[in-house]
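Chemist: Below you will find the structure I want to go over with you.
In full-length UniProt numbering, the protein residues as written are 1 to 520.
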């Protein structure tokens, strides 16, 4: 087996060399020998571990499941070390995997989550170099003050607090200087390694990860695109008075440097911070759900990186109003109209527990015969709960454990699904899992209000689509009337739930019971 692993490493190195040599747009010498060697060695060790550790144990036995969990954990730790060492694109991809809570084995997601707090930092000299090259001036010429310690460091950039010459306090996002040059080469290296691994493990279907990185990384590395996204979403959601999006200072922004209005607050998953500052946790969770339902179902323009460091909350001392601050607008998913309508109708079917329509729209979204698994992946609920109605009962600890263990048991089917569904679905699944993580931290997951908000947005989206497609004034009026009636029913049901859970509702119920008692 050791010989086999050595052959694998040699084969991978040879394949990488041939692949790169044949690509006239890349210079193989740009690859750091250490970076490539480290990636190949890690992949070979992980592959060898899976090949040998489970070979002599009966499949499906208790010992097999235990050993498999241990291999998952060792492999995840090796992958984490590789990401931390190679930095940049590797950390970005590792963070993406760490966000897929209910789609990958827990050993991987738990281990890779720490990459959000272990991103590299550029030195002061590197920061000065980027600003000098992009803005043509030294830091001291542009700013009255510039904090050396970054407010936060991510896989592609870091953010510093600074004060402009006119006294405005700003956040300065600066790209790590080597990321731009390394990103395309890193993706190419990952593609080669994944292709080789697939030859050994035919069920290993992770090419979707490389395809997503190829598409999204160039957009995330263009900070002017991020600035445009920020302005677009701020305008799109201007009716939400609880939302704050930092203003962009275009005169001092480039593809690698982005100057924004400085905003601060506590992370959205920090329940203790909210309680200390008198912020209503349920209101924040409800408003976050409103934001994302509006983005996904109504507008089809979705902020796809809502990890807690990118979503802050703050209470205004003067008004007492709590705000959600949305940061990092580099990664958005634009949903096509046909996809958005199918997705709306699927969620309507899931909320109503209409299994025929769940099957119909899951198939239309590429799930095929795996539609039950697809429904469980979307909702992070068991198939039993999906059949019963996902709004009928909250997620229990045992159900959550069942879903997480199924992520390991059904990994081949899950990766098959991820390869088959439209590419638009991949970032939505990641976004869903990140939002669920926030709800779990706030203990607000699967509240009735979140499903009501989703239902409202789905009804509005489908009705708008139908009106736009109709050429009959009478038909448009019918659609508008049906929409108003459906929204009124939801409002009435929400009022009922509020009364049921309020002190006033308890008084009313007690009064009705007393009246009923006196009547008889």
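Using N, Cα and C, we set each Cβ at its ideal position, and we do this for glycine too.
Every value quoted in this text rests on a predicted model; they were computed, and no experiment measured them.
I want to know whether the stretch 259 to 276 touches the stretch 307 to 323 - three or more CB-CB distances under 8 angstroms.
Modeler: The answer is yes - the stretch 307 to 323 touches the stretch 259 to 276, with three or more Cβ pairs under 8 angstroms.
Chemist: If I follow the unbroken beta strand (DSSP E) through residue 303, where does it start and stop?
Modeler: Residues 301 to 303.
Chemist: Considering only their Cβ atoms, is the gap separating residue 161 from residue 154 smaller than 9 angstroms?
Modeler: Against a cut-off of 9 angstroms, the Cβ pair of residue 161 and residue 154 comes out as no contact.
Chemist: Helix, strand or coil for residue 145 per DSSP?
Modeler: Of the three classes helix, strand and coil, the one that applies to residue 145 here is strand, per DSSP.
Chemist: Run through the DSSP bridge pairs and tell me what residue 259 is partnered with.
Modeler: Answer is 172, bridged to residue 259.
Chemist: Within a Cβ cutoff of 6 angstroms, which residues of the same chain sit near residue 323, ignoring the five residues on either side of it in sequence?
Modeler: Cβ within range, chain order: 242, 244, 314.
Chemist: Any idea which residues DSSP pairs residue 160 with across the strands?
Modeler: According to DSSP, residue 160 bridges with 172.
Chemist: Considering only the beta carbon of each residue, do residue 257 and residue 223 sit closer than 9 angstroms?
Modeler: Yes, they are a contact pair.
Chemist: I'd like the list of long-range same chain contacts for residue 451, defined as Cβ closer than 8 angstroms, with 5 residues on each side in sequence excluded.
Modeler: Contacts found: 351, 390, 391.
Chemist: Just checking: is the beta-carbon of residue 369 within a distance shorter than 9 angstroms of some beta-carbon in chain B?
Modeler: The structure shown contains no chain B; it holds only a single protein chain.
Chemist: By the three-class DSSP mapping on this structure, what secondary structure does residue 335 have?
Modeler: Residue state, collapsed to three classes: coil.
Chemist: Three-state secondary structure (DSSP) at residue 367?
Modeler: Correct three-state label for residue 367: coil.
Chemist: If you count every other CB in all the chains shown that lies within 10 Å of the CB of residue 347, and 16 or more means buried, which is it?
Modeler: When all chains shown are included, residue 347 counts as buried.
Chemist: Rounded to whole angstroms, what is the Cα-Cα separation between residue 493 and residue 457?
Modeler: Whole-angstrom Cα-Cα distance: 16 angstroms.
Chemist: Could you compute how far the alpha carbon of residue 371 sits from the alpha carbon of residue 362?
Modeler: Distance between the alpha carbons of residue 371 and residue 362: 6 angstroms.
Chemist: Along the beta strand (DSSP E) that carries residue 284, what are the first and last residues, could you check?
Modeler: Looking at the DSSP string, residue 284 is not in any beta strand (DSSP E); the run it does join, the alpha helix (DSSP H), is 281 to 293.
Chemist: I'd like the list of long-range same chain contacts for residue 165, defined as Cβ closer than 8 angstroms, with 5 residues on each side in sequence excluded.
Modeler: Once the five neighbours on either side are set aside, the close Cβ partners of residue 165 are 142, 143, 144.
Chemist: Between the C-alpha atoms of residue 478 and residue 331, what's the straight-line distance to the nearest angstrom?
Modeler: Cα to Cα, the separation comes out at about 38 angstroms.
Chemist: Looking at residue 340: is its Cβ nearer than 9 angstroms to the Cβ of residue 284?
Modeler: The answer is no: Cβ separation not under 9 angstroms.
Chemist: So what's residue 322 in DSSP terms, helix, strand or just coil?
Modeler: Correct three-state label for residue 322: strand.
Chemist: Going by other Cβ atoms of all chains shown within 10 Å of its Cβ, with 16 needed for buried, is residue 157 buried or exposed?
Modeler: Answer is buried; the Cβ neighbour count reaches 16.
Chemist: Identify the continuous alpha helix (DSSP H) that holds residue 215 and give its terminal residues.
Modeler: Looking at the DSSP string, the run of the alpha helix (DSSP H) that includes residue 215 is 207 to 220.
Chemist: Indicate the three-state DSSP secondary structure (helix, strand or coil) for residue 136 in the structure shown.
Modeler: The answer is coil: DSSP assigns residue 136 none of H, G, I, E or B.
Chemist: So, under 8 angstroms CB-CB, residue 419 and residue 250 are touching, yes? Tell me the CB distance rounded to an integer number of Å.
Modeler: Not a contact, Cβ separation roughly 40 angstroms.
Chemist: Which residues mark the beginning and the end of the beta strand (DSSP E) in which residue 298 is found?
Modeler: Segment: none, residue 298 is in no beta strand (DSSP E) and carries neither H nor E.
Chemist: Please state if the CB of residue 442 and the CB of residue 281 are separated by a distance shorter than 9 angstroms.
Modeler: Closer than 9 angstroms, so yes.
Chemist: What is the DSSP secondary structure of residue 390, counted as helix, strand or coil?
Modeler: Three-state result, residue 390: coil.
Chemist: Would you call the stretch 405 to 422 in contact with the stretch 456 to 471, where contact means no fewer than 3 C-beta pairs closer than 8 angstroms?
Modeler: Contact between the stretch 405 to 422 and the stretch 456 to 471 is absent, because fewer than three Cβ pairs lie under 8 angstroms.
Chemist: If we call anything under 9 angstroms between Cβ atoms a contact, is residue 255 one with residue 134?
Modeler: Yes; because the gap between Cβ atoms is below 9 angstroms, this pair is in contact.
Chemist: In three-state DSSP terms, what is residue 395?
Modeler: In the structure shown, residue 395 sits in coil (DSSP, three-state: anything other than H, G, I, E or B).
Chemist: Can you give the Cα-Cα distance for residue 184 and residue 137, rounded to whole angstroms?
Modeler: Each residue's alpha carbon lies about 29 angstroms from the other.
Chemist: Return the CA-CA distance between residue 216 and residue 90, expressed in angstroms with no decimal places.
Modeler: Roughly 14 angstroms separates the two Cα atoms.
Chemist: Comparing C-alpha positions only, which one of 484, 147, 206 sits nearest to residue 412?
Modeler: Of the listed residues, the one whose Cα sits closest to residue 412 is 206.
Chemist: Is the distance from the Cβ of residue 433 to the Cβ of residue 103 below 9 angstroms?
Modeler: In this structure, residue 103 lies closer than 9 angstroms to residue 433 by Cβ.
Chemist: Taking the beta carbon of residue 58 as the centre, do at least 16 other beta carbons fall within 10 Å, making it buried, or is it exposed?
Modeler: By the 10 Å Cβ count, residue 58 comes out exposed.
Chemist: DSSP state of residue 227, grouped into three classes?
Modeler: Three-state DSSP puts residue 227 in a helix.
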